[in-house]
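Written below as structure tokens is the structure these notes are about.
There are 2 protein chains.
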Amino acid sequence: MTLPPAKKRPTINDVARVAGVSRGTVSRVLTGGHWVSPDASAAVTAAIAETGYRVNPHARSLATSKANSVAFLLTESYERLFDDPNFATLLRGASTALAKSDIPLVLLMAGNEAEQRRATEFITGGHVDGVLLVSSHQGKQDFLPEISKAGVPAISCGIPLGFERKIGYVSADDFAGAQEMVRYLQSLGRSRIATIAGPQDTSGGLTRLRGYRDEMGDDVVESRIAYGDYGLASGERAMHELLERDPDIDAVFVGNDLMARGAITAIQSTGRRVPEDIAVGGFDDSPAALDGTPTITTMRQPFERISQEMVRLLLAAIDGEATAAMTIPTQLVRRESA
Amino acid sequence: MTLPPAKKRPTINDVARVAGVSRGTVSRVLTGGHWVSPDASAAVTAAIAETGYRVNPHARSLATSKANSVAFLLTESYERLFDDPNFATLLRGASTALAKSDIPLVLLMAGNEAEQRRATEFITGGHVDGVLLVSSHQGKQDFLPEISKAGVPAISCGIPLGFERKIGYVSADDFAGAQEMVRYLQSLGRSRIATIAGPQDTSGGLTRLRGYRDEMGDDVVESRIAYGDYGLASGERAMHELLERDPDIDAVFVGNDLMARGAITAIQSTGRRVPEDIAVGGFDDSPAALDGTPTITTMRQPFERISQEMVRLLLAAIDGEATAAMTIPTQLVRRESA
DNA sequence: CTGAAAGCGCTTACAG
DNA sequence: CTGAAAGCGCTTACAG
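Heads up: the protein sequence lines correspond to chains A and B, in order. For the numbering used here, add 1292 to where a residue sits in the first sequence, where the first one is 1. For the numbering used here, add 1292 to where a residue sits in the second sequence, where the first one is 1.
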């Protein structure tokens, strides 16, 4: 009445028997083939093919105490994940880069506190060798101390505020990027340049605003600074605010493209033209910069590159190298809005 | 010169020693606490807290030959993943449902053939206990035979064409949904109802067209059937086609909301009004149905529910229950376009 | 270059 | 209810 006994998966013992060598030798060819004679190696290879042997990942992990996997920890709501194409680009880039080393990506979504606790448990529990940290809001990073304490290698996307020394990171050069955008707007002859800054608990939001202030120098007018949450609607709202406080604004540097798109809507709704009356510069070079009229002049964040470097640094950290930090330049992309 | 020896993680032996019991007893409380006296149980619990013990997942997996994780295999390009909010909803739903059982989701993206091979290796290699299959294009599912043969439990989102009997699935009722939409358009007094069907190598594309044909019965006019790829642009193109072939169309049932949005653009570009001149019915109830003017009347696919049921069925299959299939009704959502 | 052996940290019949 | 023991499938010094 029972099913025929499921044929057991072949183990390293079966391979050894078929190849006529010891288990140790099989293991050696499995783990790189060093210190194995060509003959033995060939016999083992043939035996593996013949038996259809596949290494048991759990046994290997137990013996080596390496998980051979890496987590992608996203501390954002799911809405944001799929709203913000930056996350998508990072996820793809990381997954692709990891695939080259044959390392699977375990996606951990931790939008709320319960999920974060679970994710921390998982990460510090030995399931993965390292973690790619992706989240903008630093306020949400209560788990950083634990991960850092547990000694699990981690690389953050963007500066992990408060943990710059303990956790490696890869960040776009927000400061220089913001400066460059302001200079560009100035080069267009604009002088009353406002800004819509992103959330001030994010390194990007903070640093881009700092870059703006730095470049504006004595021309900074506090009433020309407004804040948003990186969402479309917040950009629209902030722009209205700015225009009420100072109708003479002739340019605005917006902390990301999505808010810039919202800002353009607000500007146009007052009968002003972009870029003739008000030039708009964004940040990211996300699809939002292209979807709509006019297209948005922006500072491109090289997310493919960033994700690759994150993987490279993480793998290095897992191999025992000291954690490193890296800043990657942004690039001005001129389009219609400025 | 070397770091102080990293304190080794406590093992079950340490707990046993501290608790004054045997390893077996510790394991018993770890695995459910059956057949353990209250005293022993309390001692073990205390010892676990004292030592900070955490179970080693690899050792446990080796001993039980269960991975305690599940894969989410997405055979779509990354573009589609983040274009199509349905995937996002599924991913979130599955992740959340799985979290309740404390089972992590391993995200496997396999857009091209190389990635699919890698993913198949991974899945059949024993890394996961089961897999959630998400992809629309059945043409891309060359790995289905392998997974099925390897005996790894799998549940598909949508009918796995050609594997209906071997792989469980959860699907929205595309046939009845399409019928209902056609009936609804008819109830509006429309009689020259065209359709833009999705890809015919997807169960949704196929079945919704079948539902349309069935409900239209003798009123089917082949020139009123066009095809798209579920993308915005394809809907626009297909609608232009339809209008050229038959300018008198007074309604159109579109295979998904994204194409419906494109179709509306096409209709409006010819000077016709939606819904006055042509009523448009979509499918999915995705954000595309809301983003734009007019909002789209559509058949809602309950993706949260679908993902939950997928997880439930998969967990059951992992527990040895026979694979099951499940069809979930869609729901008409009336908005402005029809 | 190769084999024998110990060890990775757990679980699970088996006796008792 | 509990302990001793075998076993899960690999890797890795250690001798040779």
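Glycine included, C-beta positions come from ideal geometry on N, C-alpha and C.
In this structure, the straight-line span from the alpha carbon of residue 1311(B) to that of residue 1335(B) is close to 5 Å.
Secondary structure note for residue 1468(A): it is in no beta strand (DSSP E), and the uninterrupted alpha helix (DSSP H) holding it is 1466-1479. Counted as a single uninterrupted DSSP element, the alpha helix (DSSP H) harbouring residue 1555(A) occupies residues 1549-1561.
The Cβ neighbour count for residue 1548(A), taken over all protein chains shown within 10 Å, is at least 16; the residue is labelled buried. The shortest C-alpha to C-alpha distance from residue 1471(B) to any of 1512(B), 1452(B) and 1454(B) is the one to 1512(B). For residue 1414(B), a Cβ of chain A is located within less than 9 Å of the residue's own Cβ.
Counting the other CB atoms within 10 Å of its CB gives residue 1326(A) a total below 16, which places it among the exposed residues.
The beta carbon of residue 1485(A) sits closer than 6 Å to those of 1477 and 1543, all from its chain and outside the five residues before and after it, given in chain order. When the beta-carbon positions are compared, residue 1395(B) and residue 1361(B) come within less than 9 Å of each other.
With fewer than three CB-CB distances shorter than 8 Å, the stretch 1598-1607 of chain A does not count as touching the stretch 1557-1570 of chain A.
The DSSP assignment places 1517-1519 as complete runs of the beta strand (DSSP E) inside the stretch 1504-1538 of chain B, in order along the chain (cut-off: 3 residues). Note that the stretch 1450-1463 of chain A does not touch the stretch 1519-1528 of chain A; fewer than 3 beta-carbon pairs, one per stretch, sit closer than 8 Å. Taking all protein chains shown into account, residue 1377(A) has 16 or more neighbouring C-beta atoms within 10 Å of its C-beta and is therefore buried. For residue 1361(B), the nearest beta carbon of chain A is closer than 9 Å to its own beta carbon. Among the residues facing chain B, residue 1350(A) is included, as its CB has a counterpart in that chain under 9 Å away. From the beta-carbon of residue 1398(B), the residues of chain A found nearer than 8 Å are 1361, 1396, 1397, 1398 and 1399. Per the C-alpha coordinates, the member of 1573(B), 1566(B) and 1526(B) positioned closest to residue 1554(B) is 1526(B). Contact with chain B is found for residue 1353(A), since one of that chain's Cβ atoms lies less than 9 Å from the residue's Cβ.
One finds 1301, 1346, 1348, 1349 and 1350 in chain B with Cβ atoms closer than 8 Å to the Cβ of residue 1418(A), taken in chain order. The DSSP assignment places 1362-1366 as complete runs of the beta strand (DSSP E) inside the stretch 1311-1398 of chain B, in order along the chain (cut-off: 3 residues).
Among the residues facing chain B, residue 1470(A) is not included, as its CB has no counterpart in that chain under 9 Å away. Distance between residue 1488(A) and residue 1475(B), taken at the CA atoms: about 49 Å. Closer than 9 Å at the C-beta level to chain B, one finds these residues of the stretch 1378-1392 of chain A: 1379, 1380, 1381, 1383, 1384, 1387, 1388 and 1391. Our two residues, residue 1385(A) and residue 1595(A), have alpha carbons roughly 8 Å apart in a direct line. Between the alpha carbons of residue 1304(A) and residue 1346(A) lies a gap of roughly 9 Å. Judged by DSSP secondary structure, residue 1487(B) falls within the beta strand (DSSP E) whose first and last residues are 1485-1489.
In the structure shown, residue 1615(A) adopts coil according to DSSP, grouped into three states. The residues 1308, in chain order, have a CB closer than 7 Å to that of residue 1314(B) in the same chain once the five nearest residues on each side in sequence are set aside. Secondary structure at residue 1578(B): coil, using DSSP grouped into helix, strand and coil. Under the Cβ criterion (8 Å, minimum of three pairs), the stretch 1412-1427 of chain A does not count as touching the stretch 1578-1598 of chain A. Judged by DSSP secondary structure, residue 1545(B) falls within the beta strand (DSSP E) whose first and last residues are 1543-1546. Residue 1570(B) carries a coil assignment under DSSP once its states are collapsed to helix, strand and coil.
Classified as buried, residue 1352(B) has 16 or more neighbouring CB atoms from the shown chains inside 10 Å of its CB.
The three-state reading of DSSP puts residue 1492(B) in coil, since its state is none of H, G, I, E or B. Listed by position along chain A, the residues whose Cβ is nearer than 8 Å to that of residue 1407(B) are 1391.
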